[in-house]
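K.L.:
FYI, in the numbering used here the residues of the sequence shown are 731 to 1181.
This structure is in structure tokens; I'll ask about it shortly.
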Amino acid sequence: MIKYNLNFLTIHRTLVLLLLTLSHLALADAPFLDSAIGLTNRKLIEQAVAEANASSDIDVPLPRALMYKGLIQFQEEEYEESIILLEEALRRDPTLTGAWETLGWAYWRTDRKDKARRHFEAFRRLMPDTPLPHSTWAQYAILTQDWEAANDALRQSLKLDPKQYDVRNWYAQNLLRLGHETEAKAILRELIEEDPGRLDIVILIAQLLFYERGYQEAADMWRNVLKELPENVDAIVALARNEMLLGNLEEADELCIAALGIKPASREALLMRADIADISDMADETIRRLEQVIRATEEPTLRARLRERLATRCHAMNQKTPGTFPPSAILDHLAQAVKEAPNNVAIIATYAEYCLIFKKYDDAAKWARIILTRFNRHHVRAKEVLFECAIGKNRFDEAQQILDDRYINFDPDSPTRNYQQARLEMLRGRYNEALAQLDEMETKAAKGAVL
């Protein structure tokens, strides 16, 4: 009997020492013990303690009651109060994993980012053989875009408990961030086999298949999504996009019409209908649908890019059927695009090039100079516009200066330089010099030249 009591005392003393060790570890690492408790915090804690003591639920220990109160405050987005209660709960019992996890996110939500980091690190050190601290640290690492740290933590969590469904999902998504698509997709497929109702994962796999050009399987997955979410416009448009790339243009167009029936201003559906018309060589219909998209687009930069596309499409139709659209209509579309996106250099360059095409040399030169003076003094397209404007106005000396400036700092030995120089020499009537430039071009290109 005495021996039994001695063994019991030894075990009891060991447990006490273990709890003291854990408490000291928490004291050494946990940021919630950094400073003294203020008067306001003490009043809130005392009120919560009084409520817990007055509760009829006598089976709930006081630290756990404080934790539950803190969790409720967190859910109600009362983060400051939540922090006070959860910190006190952990002071009384540093083994409450729910308090550890929620307190760290309360720090994060109140922009105490460094404190959240120290807190989650302490959580891992306190309970290294528990999956939750590692998966929580992984979520923090993902928020700070430390993908490698997240990967290591997720692997450690899964090593301790390989059956965690959501953690496996997070791990697969992080593998995608690291570029390990094959491994990620294999994990995601396993998750779908276990739970076919996880539409978020089905959608993710369908998106992966689309970028891998697995359009048929992706389309099948989107159909499964639509069985559960029949009026989800994003899913309808995604299925339409896959059908379009599979060559099923009529079905794709019908899906777009269905999407527009639910959301008439869906820019994606309207734009895809314009794409379908373009692919089908429905010239007039392409223009009409592009105009619909422009009217439905509120964001000026996107609308500007659509106007640019409309202008280039009108010009392409003019090349097939001259006179379909007057030059002024095409230039008006581009002028409006520049007005809506005044800092989009690519659109300004397109406008300058179309002014050049329609022999509006002064306007073309004006916009080219705007690019060179305001945005990029080495812009190649702008310099090429200026060169062509100078040639168009028979200003050959000016064209020579522009040509030299164009190539002096960028690819000075390009065979294209010799070709442009040959053009200039021919216009000047210097035919021998022009032929010499073409000979030099052939030597550089080592495969002849075509004029």
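Idealized CB from N, CA, C, for every residue including glycine.
The structure displayed is predicted, hence computed values, not measured ones.
Taking Arg1136 as the reference, which of Asp1127, Arg1147 and Phe1126 has the closest Cα?
P.N.:
Along the sequence shown, one-based indexing puts residue 1136 at 406. Closest by alpha carbon: Arg1147.
K.L.:
Using a Cβ-Cβ cut-off of 7 angstroms (strictly less than) and excluding sequence neighbours within five positions of Glu810, which residues of its own chain qualify?
P.N.:
Here the question's residue 810 lines up with position 80 in the sequence shown. If we look at Glu810 and ignore the five residues flanking it on each side, its Cβ neighbours are Thr840.
K.L.:
Runs of 4 residues minimum, wholly inside the region 999-1027: which ones carry the alpha helix (DSSP H) assignment?
P.N.:
Runs of the alpha helix (DSSP H) spanning 4 or more residues and lying entirely within the region 999-1027 occur at 1013-1026, in chain order.
K.L.:
Does the Cβ of Gln1167 have 16 or more other Cβ atoms within 10 Å, making it buried, or fewer, making it exposed?
P.N.:
Residue mapping note: residue 1167 aligns to position 437 of the sequence shown, counting from 1. That one is buried.
K.L.:
Assuming Trp1097 and Ile1078 are in contact, meaning their beta carbons sit under 8 angstroms apart, how far apart are those beta carbons, in whole angstroms?
P.N.:
Taking the first residue of the sequence shown as 1, we reach residue 1097 at position 367. Taking the first residue of the sequence shown as 1, we reach residue 1078 at position 348. Contact holds; Cβ gap of about 6 angstroms.
K.L.:
What residue range does the alpha helix (DSSP H) around Lys1069 cover?
P.N.:
As a position in the sequence shown, residue 1069 is number 339, starting the count at 1. Residues Pro1057 to Glu1070.
K.L.:
Using alpha carbons as the reference points, say which of His864, Ala1007, Gly977 and Leu939 lies closest to Ala948.
P.N.:
Numbered from 1 along the sequence shown, position 218 holds the residue referred to as residue 948. Among His864, Ala1007, Gly977 and Leu939, the Cα nearest to that of Ala948 is on Leu939.
K.L.:
Classify Ile1242: buried if its beta carbon has 16 or more other beta carbons within 10 angstroms, exposed otherwise.
P.N.:
Since the first residue of the chain shown is 731 and the last is 1181, residue 1242 is not available in this structure.
K.L.:
Pick helix, strand or coil for Phe804, following the three-state DSSP scheme.
P.N.:
Looking up residue 804 in the sequence shown gives position 74. Note: Phe804 maps to helix in three-state DSSP.
K.L.:
So, at 8 angstroms on beta carbons, what are the nonlocal neighbours of Val1075 in its own chain, with the 5 sequence-adjacent residues on each side left out?
P.N.:
Counting from one through the sequence shown, the residue named residue 1075 turns up at place 345. Correct list, in chain order: Ile1101, Phe1105, Asn1106 and His1109.
K.L.:
Between the alpha carbons of Ala989 and Ala970, how many angstroms are there, rounded?
P.N.:
For the purposes of this step, residue 989 is taken as the residue at position 259 of the sequence shown. For the purposes of this step, residue 970 is taken as the residue at position 240 of the sequence shown. Taking the straight line joining both Cα atoms gives about 9 angstroms.
K.L.:
Between the Cα of Gln693 and those of Leu833, Leu884 and Phe1126, spot the shortest distance and give me the residue it belongs to.
P.N.:
The first residue shown for the chain is 731 and the last is 1181, placing residue 693 beyond what the model contains.
K.L.:
Can you tell which of Leu826, Ser1010, Arg1025 and Ile917 has its C-alpha closest to the C-alpha of Gln894?
P.N.:
Residue numbering aside, residue 894 sits at position 164 when the sequence shown is read from its first letter. Nearest option by C-alpha distance: Ile917.
K.L.:
Less than 8 angstroms between the CB atoms is what I'm expecting for Glu998 and Val967, so what's the real figure, rounded?
P.N.:
The residue given as residue 998 occupies position 268 in the sequence shown. The residue given as residue 967 occupies position 237 in the sequence shown. Glu998 to Val967, Cβ: 5 angstroms. Contact.
K.L.:
Compute the Euclidean distance between the alpha carbons of Leu1040 and Asp1014, then round it to the nearest angstrom.
P.N.:
Indexing the sequence shown from 1 puts residue 1040 at position 310. Indexing the sequence shown from 1 puts residue 1014 at position 284. Using only the alpha carbons, I get a separation of about 11 angstroms.
K.L.:
Residues in the same chain with beta-carbon distance under 8 angstroms from Leu1045, minus the five sequence neighbours each way, listed in chain order, please.
P.N.:
For the purposes of this step, residue 1045 is taken as residue 315 along the sequence shown, with counting starting at 1. Just to set this straight, residue 1045 is His in the shown sequence, not Leu. For His1045, where only same-chain residues beyond five positions count, the Cβ hits under 8 angstroms are Phe1055, Ile1060, Tyr1084 and Ile1087.
K.L.:
With burial defined as no fewer than 16 other Cβ atoms inside 10 Å of the residue's Cβ, what is the status of Ser1212: buried or exposed?
P.N.:
Residue 1212 lies beyond the range of the chain shown here (731 to 1181); nothing can be said about it.
K.L.:
Please specify which runs of the alpha helix (DSSP H), each continuous and at least 4 residues long, are wholly inside the region 906-961, giving them in chain order.
P.N.:
911-924, 929-941 and 945-958
K.L.:
Check whether the Cβ atoms of Ala1152 and Ala1164 lie closer than 8 angstroms to each other.
P.N.:
Counting from 1 along the sequence shown, the entry for residue 1152 is found at position 422. Counting from 1 along the sequence shown, the entry for residue 1164 is found at position 434. In this structure, Ala1164 lies closer than 8 angstroms to Ala1152 by Cβ.
K.L.:
Hey, quick one: how far does the alpha helix (DSSP H) through Arg1125 stretch, first residue to last?
P.N.:
Position 395 of the sequence shown, counted from the start, is the residue given in the question as residue 1125. From DSSP, Arg1125 is part of no alpha helix (DSSP H); its letter is neither H nor E.
K.L.:
If we ignore side chains and look at the alpha-carbon of each, how far apart do Leu826 and Ala819 end up?
P.N.:
Walking along the sequence shown from the start, residue 826 turns up at place 96. Walking along the sequence shown from the start, residue 819 turns up at place 89. One C-alpha to the other measures close to 8 angstroms.
K.L.:
Name the two residues that bound the continuous alpha helix (DSSP H) containing Asn1162.
P.N.:
Against the sequence shown, residue 1162 aligns to sequence position 432. Looking at the DSSP string, the run of the alpha helix (DSSP H) that includes Asn1162 is Tyr1161 to Ala1175.
K.L.:
Hey, out of Asn881, Leu816 and Asp876, whose CA is closest to His849's CA?
P.N.:
Taking the sequence shown and counting its residues from 1, the one referred to as residue 849 is at position 119. When Asn881, Leu816 and Asp876 are compared, the shortest CA-CA separation from His849 is found for Leu816.
K.L.:
Per DSSP, what kind of secondary structure is Met797 in: helix, strand or coil?
P.N.:
Mapped onto the sequence shown, residue 797 falls at position 67. Three-state DSSP puts Met797 in a helix.
K.L.:
With distance defined between alpha-carbon atoms, name the residue in Arg907, Glu942, Asp964 and Arg943 nearest to Asp930.
P.N.:
The residue given as residue 930 occupies position 200 in the sequence shown. From the listed residues Arg907, Glu942, Asp964 and Arg943, the smallest Cα separation to Asp930 is found for Asp964.
K.L.:
Quick one: grab the DSSP three-state call for Asn1048.
P.N.:
Reading the sequence shown from its first residue, position 318 is the one you call residue 1048. The three-state reading of DSSP puts Asn1048 in helix, counting H, G and I together.
K.L.:
Can you give the beta carbon distance from Ala914 to Ala902, rounded, assuming they're within the 8 angstroms contact cut?
P.N.:
Within the sequence shown, numbered from 1, the residue matching residue 914 stands at position 184. Within the sequence shown, numbered from 1, the residue matching residue 902 stands at position 172. Confirmed, about 4 angstroms.
K.L.:
Using only alpha-carbon positions, find the residue among Glu1172, Asp1169 and Asn1124 that is nearest to Leu1157.
P.N.:
As a first step, residue 1157 must be located in the sequence shown, where it is residue number 427. Taking only the C-alpha atoms, the option nearest Leu1157 is Asn1124.
K.L.:
Helix, strand or coil for Glu1029 per DSSP?
P.N.:
The residue you call residue 1029 lines up with position 299 of the sequence shown. Correct three-state label for Glu1029: coil.
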